[in-house]
Structures are given as structure tokens and as C-alpha cells.
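Visitor:
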Amino acid sequence: MSSHTQHEQTGGFEPKIVAFVCNWCTYAGADLAGTSRMEYKPNVRIIKLPCTGRIDPLFIIKAFEKGADGVLVSGCHPGDCHYTTGNYHARRRWIAFKNLMDFVGIDSQRLHFSWVSASEAIKWVDLVNNITDEVKKLGPFVEYKSLGDRQ
Amino acid sequence: MENQLRQKAKELLEKGDVKVVIGYGWNKRKTHTTPVFITKPEDVDKLVFNPLCVNNLSLYLTRKFADIKALGKPAIVAKGCDIKTIAVLISESQLKREDVVILGMSCNGVVYRQELWKSGTDFKSVPADIMPTKCHNCDVRNPHIADIIIGEEVNFTPPDTPAGMVFDKIRDLDKKSGEERWGFWIEHFNRCIKCYACRQICPLCYCERCIAEKNMPQWIETSAHPRGNLAWNLKRAMDLAGRCTFCGECERACPVNIPLNLVNQKLALVVKDAFGHRAGYDEKVHPPMIIFNMEDTEDFIK
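The listed protein sequences derive, respectively, from chains A and B. For the record, in the first sequence the residue sitting at position 63 is 63 according to our numbering, with numbers rising by one throughout. For our numbering, add 1000 to where a residue sits in the second sequence, where the first one is 1.
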């Protein structure tokens, strides 16, 4: 049995994962996972955007501000973009943004980038499960959430 | 050099090639230089050029450019580092090359006033070690894009690996753990008072309307709360990725001394490694963040 069907209930901390996905590939992939009745961790909150090129780095910062413990960004594979080149532009932006996030010390395990096509429901399920487990191990993103608390 | 500058400015104004010369002049007490706008040939003696001319005057070619153009075609006194900014502005179609006459100054390095106070030297003989990091690595001491070059050619070869405090600190931070880096940056960003001086002085922050002022929805908290401070500084660093030319004005303007050069230069290094682009050397190439390459690295994308 592949990993996406294993489902174990654990008490305690359940991370909030925000997924910014593109309308044409990853959202359709997640949709396929749903219509195929695959089960995956319910920790993910999907935000659908027209294209990964629409994802401003501020979206990701805002997600962390609003209490996300992990963020997933996903779109069409290179060459598959509905708007031809949106994901190439996004990729450039992510290279810079990922390095920036590393440089300010945000754990790279909390920010994930992925390509998931409309047919890759299994990849989507595994991805969400893996990220959820990873972030669960890290615990809540207290560093960000406690910003401004008096020490 | 100053005489040559004044003479050229006078010629340009007398011939009517330009209507205004944007340059540096002394303040009243001659403690620092301040931007001056010369419109009459007889006023050119107000122009000065010395290591205290730290301001990046290309700022006047962005948001205030309409006011300048109302006077007529401008000439601008620019050091190599300022010309880099002008090149980025041209490559981003904010300006046409023929809109401005560039008086490129050969430069031996600048110095910030507080460094002069600390070392107790005069601005006429500035030792290299008190110059800002950008001058240690400057490869445009002889202006690379200019209509008129003023001053004698400077012989200076920058080191192969970027040297100076900013780059040492970046290397130092890179070696540290994520937690230590987070601690470092939060400590610095916590001081931010959201005065937006970094934005106001940045010649590349030329948006007529900034996202920091947008309140429906509010993207960046307006109060000087650490959460909004982090968002603002990350956003600004991101917007400058592949564009920042390291004029260092943001850090100089920052009233609470946030080391903004670190984060901007880190991204400049990333962009250089990943896309092989250095901002400000060629006004004819596209800025790296608006184009892409099929072969961009994606080892971090699962």
C-alpha cells in the first residue's frame, strides 16, 4: 500500500500548512486527489491563484504572519504553464526569495516549492503528507508567532 | 577637477543644451554637501566635488523628475556608483538615455561624515580604510556611461573577492545557524520605526504608490511592530533583488542603523550566482527579475 493511504491519528499539535497553488495544474491535481477519493492530511489550506506567476512573496510572508506553520507553493511543471511562461518567472522569484528567507533564518523546512501537474494526484498527496509530518516534527512556528511579545 | 566641472556646467548652460545642472554644493557651514540645482551660468561656482559628495543624485530622475523636466533638460553630476543606478533606471524604462546629460566624475572614493569625525581626518585626504565598503570594491571609479567625463583617469583595481565590512559580515552570517541569523535580523528589524527613509532615498523605489501605503487590504502593518517591520524589510529587499546597485543610501539614511546593505548585497550575490547578472553595468539588458532562463536552477523545487 502506498504511503498516501496510510493515515494515523496523533494527538497534540496539528500544523497549519498554507498551500498557494495554481489554478491549472496543482489545483487540478488536488482536485483529482479528491475525486479519486484519496485521503491526505487535512492540515493543508489551499489558496488557488491563476498562476504561480501571481504569487507575490508578500503572500508567503502574510501566511506566516497569520499563523501558518508551513507554506507550500506549487504550480505547473516548467513548459506546462497555461500562460506559457508564468512559472518560469515564478521560479526566478523563488530562487531569490528562498535565499532571502534562508538569510534571515527562516527554516527551509517550513517553506516548500513544488511542481505538481493536473495528473499527479499521488504526488500531491505524498507531498502534503510529507510536509505535514516534517512541520509537525518542527513544532509550531513560535519564532514568527512570538514576534513582538515582550521577552 | 572642480574647475573643470564648473566650466563644463557653464558651457552646457550657456549653450542651452541643458536648463538645469543637478550637482553637489556646500551647506552653509561647509560640513557636508547638499544637492544643488544650477539654472544660471553665473551660479556654477556653487558646484563642488569632493569625497563628502555621498548622495546619489539620480534620485532626482525618478519621482521628482517631473519637477526637474519642468525646468528643462537636466545634466546630472554622477559618480560611477550613481551612474549604475541611472543605468538601471534606463533599463527599466523610467528614463531615456537622451533625457539627461551625465557628467561622469572620476572618483577616488567617498566618505561618510561620521567616519571622518571618528578618524579625525580632513576630507581632502581620506584614507582608504574609512571609506564605505562600496568604494573598496568599486570598478566604476572611471564612469562607465557618461556624456562628459570629468577628472583624470583613476587607477584602481578592485579585489577579486568582494572585500570590506559588508561582505565580511555576509560571509560571517552565512556560516551561522538559521536560529542565530534569525536572532540577528529580528534584533535589527525590531528597531525599525517605519519612517520609510530607506524607501524615500532609494532611487530605485520609484513607485508612485507603495504597497506599504495600501490599506485595502493592508499588506504591511503600518505600526512599528516587529511583524510588520520584518514584512516591510523583506518586501523591500525582494523588490531590490537584481536591481540594487549598492549605492548604500538606504543604510546611510536609516535613523536606527539597520544594516540594509547586508540583505541587499546578499541578494545581489545570489542574483549574480544564479543569473550571472550585476545591476547597473549595461543599460541595454533587461533586469534579471523580469526575464527568465529555461535553465534556471530548480534543485530546491520538489
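For every residue, glycine included, the Cβ atom is placed at its ideal position computed from N, Cα and C.
1. Report the neighbours of Glu-143 (chain A) on chain B: residues whose CB is nearer than 7 Å to its CB, in chain order.
2. So with Cβ pairs under 8 Å, would you call Pro-1287 (chain B) a contact of chain A?
3. Taking just the CA atoms, how far does Ser-114 (chain A) sit from Tyr-144 (chain A)?
4. Could you give the first and the last residue of the continuous beta strand (DSSP E) run that contains Pro-1226 (chain B)?
5. Within 8 Å of any Cβ in chain B, is that where the Cβ of Ala-118 (chain A) sits?
6. Spatial neighbours of Ile-1083 (chain B) within its chain, please: CB distance less than 7 Å, with the 5 preceding and 5 following residues excluded, ordered by chain position.
7. Report the rounded CA-to-CA distance for Met-38 (chain A) versus Ala-118 (chain A), giving the unit in angstroms.
8. Is there a Cβ of chain B sitting closer than 8 Å to that of His-82 (chain A), yes or no?
9. Using a C-beta cutoff of 8 Å, does Pro-1162 (chain B) count as contacting chain A?
10. Between the beta-carbon of Ala-1075 (chain B) and the beta-carbon of Val-1036 (chain B), is there less than 8 Å?
11. Assuming Gly-1242 (chain B) and Asn-1261 (chain B) are in contact, meaning their beta carbons sit under 8 Å apart, how far apart are those beta carbons, in whole angstroms?
12. Tell me whether the beta-carbon of Tyr-27 (chain A) lies closer than 8 Å to the beta-carbon of Ala-33 (chain A).
13. Buried or exposed: Thr-132 (chain A), going by 16 or more other Cβ atoms within 10 Å of its Cβ?
14. CB of Ala-1128 (chain B) to nearest heavy atom of the ligand NAP: below 7 Å?
15. Gly-1183 (chain B) to Pro-1132 (chain B), Cα distance in whole Å?
16. Quick check on DSSP: helix, strand or coil for Gln-1094 (chain B)?
17. Alpha carbon to alpha carbon, how far is Tyr-1060 (chain B) from Pro-1203 (chain B)?
18. Between the C-alpha atoms of Met-1 (chain A) and Arg-45 (chain A), what's the straight-line distance to the nearest angstrom?
19. List the residues that DSSP assigns as beta-bridge partners of Arg-45 (chain A).
20. By a C-beta neighbour count over all protein chains shown, 10 Å radius and 16 as the cutoff for buried, is Val-1020 (chain B) buried or exposed?
21. Hey, could you find the ends of the beta strand (DSSP E) Ala-1078 (chain B) is sitting in?
22. Taking Cβ-Cβ distances below 8 Å as the criterion, which residues of the segment 54–72 of chain A are in contact with chain B?
23. Along the chain, which unbroken stretches of the beta strand (DSSP E) at least 3 residues long are found entirely within the segment 1146–1211 of chain B?
24. Does any residue of chain B bring its CB to less than 8 Å from the CB of Tyr-88 (chain A)?
25. Pair every Cβ in the segment 60–76 of chain A with every Cβ in the segment 100–115 of chain A, then say whether three or more of these pairs are closer than 8 Å.
26. Figure out for me which residue from B:Leu-1052, B:Lys-1214, B:Lys-1010, B:Lys-1096 has the closest Cα to the Cα of Lys-1030 (chain B).
27. Measure how close the beta-carbons of Ser-1058 (chain B) and Ile-1086 (chain B) come, nearest whole angstrom, since I'm counting them as under 8 Å.
28. Given a cut-off of 8 Å on the beta-carbon distance, is the pair Ser-36 (chain A) and Ala-96 (chain A) in contact?
29. Would you list the residues sitting across from Phe-1037 (chain B) in a DSSP beta bridge?
30. Look at the alpha carbon of Gln-1094 (chain B) and the alpha carbon of Ala-1066 (chain B), and state the distance between them as a whole number of angstroms.
31. Within the continuous beta strand (DSSP E) that includes Phe-113 (chain A), where are the two ends?
32. Would you verify that the beta carbon of Val-21 (chain A) is, or is not, closer than 8 Å to some beta carbon of chain B?
33. Under 8 Å, Cβ to Cβ, is there at least one residue of chain B near His-115 (chain A)?
Guide: Taking the coordinates as given:
1. Trp-1182
2. Not closer than 8 Å to any Cβ of chain A, the Cβ of Pro-1287 (chain B) fails to qualify, so no.
3. 23 Å
4. For Pro-1226 (chain B), no beta strand (DSSP E) run applies; the uninterrupted alpha helix (DSSP H) run containing it begins and ends at 1226–1239, by DSSP.
5. no
6. Ile-1102, Gly-1104, Val-1140, Pro-1143, His-1144, Ile-1145, Ala-1146
7. 15 Å
8. no
9. no
10. no
11. Actually they are not in contact, since the Cβ atoms of Gly-1242 (chain B) and Asn-1261 (chain B) sit about 16 Å apart, beyond 8 Å.
12. no
13. Under this definition Thr-132 (chain A) is a buried residue.
14. Summarising the ligand content, the structure contains no ligands, and the ligand NAP is consequently not present.
15. 25 Å
16. coil
17. 8 Å
18. Bear in mind that the predicted position of Met-1 (chain A) carries a pLDDT of just 39, short of 50, making it unreliable; the figure below should be weighed with that in mind. Straight-line Cα distance between these residues: approximately 26 Å.
19. A:Val-18
20. buried
21. 1074–1079
22. Going along the segment 54–72 of chain A in chain order, one finds Pro-57, Leu-58, Ile-61, Lys-62, Glu-65 with a Cβ nearer than 8 Å to chain B.
23. 1148–1150
24. yes
25. yes
26. B:Leu-1052
27. Rounded, the Cβ-Cβ distance is 5 Å, consistent with contact.
28. No, these two residues do not count as a Cβ contact at 8 Å.
29. Phe-1037 (chain B) pairs with B:Ile-1022.
30. Roughly 12 Å separates the two Cα atoms.
31. For Phe-113 (chain A), the uninterrupted beta strand (DSSP E) segment begins and ends at 111–115.
32. no
33. Residue identity differs from the one stated: residue 115 (chain A) is Trp in this sequence, not His. So, interface residue.
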